[in-house]
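Below: one structure, written as structure tokens.
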Amino acid sequence: MDNRLTINASFLPHTDSEASLAFYRDVLGFEVRLDVDQGAMRWITVGPAGQPDTSIVLTPPAIDPGLTDTERQTIAEMMAKGTYAGIVLATPDVDAVFERVQDAPDVDIIQEPIDQDYGVRDFALRDPAGNAIRVQQR
540 MDNRLTINAS FLPHTDSEAS LAFYRDVLGF EVRLDVDQGA MRWITVGPAG QPDTSIVLTP
600 PAIDPGLTDT ERQTIAEMMA KGTYAGIVLA TPDVDAVFER VQDAPDVDII QEPIDQDYGV
660 RDFALRDPAG NAIRVQQR
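Per this note's numbering, the very first residue in the sequence shown carries number 540; after that it's consecutive.
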């Protein structure tokens, strides 16, 4: 019996499904795997080409019906600051990815490529919903 775990999907909130779709597809170059639009609820699954078992699911924020209005407001405020959700991506050439994405429309670069004290070269940006994204060289 094989009981190893893998990461299949991570969820990130979106505030504008079209802007998030354009960012992950056109700026980051991910393929769209699923786009489900049920009116007020639209989720989009994207992921890197050649890695069908690893995905990011973009969903509306605070969809849990048990959340209070105060909790929803807190989530919205955290998203606006880029402190609610985030993800780390990896690439063999972080500088090439930075060159490709830095001039794309609506890209919010928050840190240019840097060699970190902990041995990783990376840069940081935010997606249209404010989610923090770090791109590391691996």
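Backbone N, C-alpha and C define an ideal beta-carbon position, used for all residues, glycine too.
Computed from a predicted structure; not experimentally measured.
Rounded straight-line distance, which links the Cα of residue j to that of residue i
i    : j    : result
A663 : L597 : 19 Å
D576 : D656 : 43 Å
L544 : T613 : 32 Å
S549 : V640 : 22 Å
R572 : A588 : 10 Å
Residue i in three-state terms, based on DSSP
i    : result
F637 : helix
A629 : strand
L560 : helix
D645 : coil
D656 : coil
Extent of the continuous alpha helix (DSSP H) run through residue i
i    : result
M618 : 608–620
Own chain partners of residue i with C-beta closer than 7 Å, once the 5 adjacent residues on each side are dropped
i    : result
V627 : R673, Q675
Of the residues the options, the one placed nearest residue i, counting alpha carbons only
i    : options                : result
A668 : A558, D574, D541       : A558
Y623 : L606, P599, N670, E610 : N670
D645 : P591, P652, D666, V636 : D666
First through last residue of the beta strand (DSSP E) which encompasses residue i
i    : result
G586 : 580–586
P552 : 548–552
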